[in-house]
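Heads up, the thing below is written out as structure tokens.
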Amino acid sequence: MKASHKSILIWSCIIGGIILLLWFLTSVGTKPQQTEVGTISLSQPATAQDHSKGAEGAAFTLVEYSDFECPACAARGPVLEQLLHEFPNDVRIIYRHFPLTSIHDNAMLAAQATEAAAIQGKFWDMHDVLFNTQQQWSTEESPQEYFTKLANSIGLNTEQFTTDITSQVVENAVKEDTKEAEKMKLPGTPSFFLNGQKISFNSYEELAALITKNE
0 MKASHKSILI WSCIIGGIIL LLWFLTSVGT KPQQTEVGTI SLSQPATAQD
50 HSKGAEGAAF TLVEYSDFEC PACAARGPVL EQLLHEFPND VRIIYRHFPL
100 TSIHDNAMLA AQATEAAAIQ GKFWDMHDVL FNTQQQWSTE ESPQEYFTKL
150 ANSIGLNTEQ FTTDITSQVV ENAVKEDTKE AEKMKLPGTP SFFLNGQKIS
200 FNSYEELAAL ITKNE
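If you count the sequence shown from 1, position 181 lands on 180 in numbering that gives the first Met the number 0, and the numbers rise without skipping.
Here it is as structure tokens:
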């Protein structure tokens, strides 16, 4: 075989291999993630101390481990609200803290803000306003003043809130949830458990399907 023909053959094989590799990577990267029910079980069952909303005694309990500074967690909010709207008698949602402090500087204090609000009976009010204003406070160097303004906006006693947000009781409440998340080796936030089993979903339709197929 002449050298020129041999070179052409070698380069043809190289180019063909590159094309095949690119096709494989593209097909894998664009493959849609499927709804899954995982093998991880919830380590701490729902208790009266959990922050919950929805029907008491509901057939389905959805536990969320979440981080207030996590954009994906904020994006899941409307999905969960729609679930409660569509299944008002069947679903109960529980929120638990898992602030990823290694990448989110303000996540821990944000979680403490909700626990401080909970002392005054307004956990979910603070939960909602934190997610709605996430882009504003997530870049604050010291967000406590901003959180106090939010507390005032939802009708909290701001003097009590300022005391409670850094209290040991509030800090421990967040750390207890975080300890359970770490015990289960959760990969990140948000992480969901439906009736004690870890699930994943990409849309409201996928989440609702998990409810309807088990009714």
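We treat Cβ as the ideally placed atom computed from N, Cα and C, and that holds for glycine.
What's the gap between the Cα of VAL169 and the Cα of MET107? Going by the C-alpha atoms only, they are around 11 Å apart.
Quick check: what's the CA-CA separation for LYS212 versus GLU204? Taking the straight line joining both Cα atoms gives about 12 Å.
Where LEU61 sits in the DSSP three-state scheme: LEU61: strand per DSSP, three-state reduction.
Taking the continuous alpha helix (DSSP H) assigned at LEU185, which residues delimit it? The continuous stretches of alpha helix (DSSP H) do not include LEU185, and DSSP gives it neither H nor E.
Expressed to the nearest angstrom, what Euclidean distance is found between the alpha-carbon atoms of ALA207 and TYR64? Going by C-alpha positions, ALA207 is about 19 Å away from TYR64.
Given this structure, state the Cα-to-Cα distance separating PHE59 from THR113, to the nearest angstrom. Distance from the CA of PHE59 to the CA of THR113, rounded to the nearest whole angstrom, comes to 24 Å.
Tell me whether LYS121 is buried or exposed, calling it buried when 16 or more other Cβ atoms sit within 10 Å of its Cβ. Burial call: buried.
In terms of residues, what are the limits of the alpha helix (DSSP H) holding GLY76? Run containing GLY76: 70 to 85, per the alpha helix (DSSP H) assignment.
Checking contacts by CB at 8 Å: is ALA207 closer than that to chain B? Among the chains in the structure shown there is no chain B, since it carries only a single protein chain.
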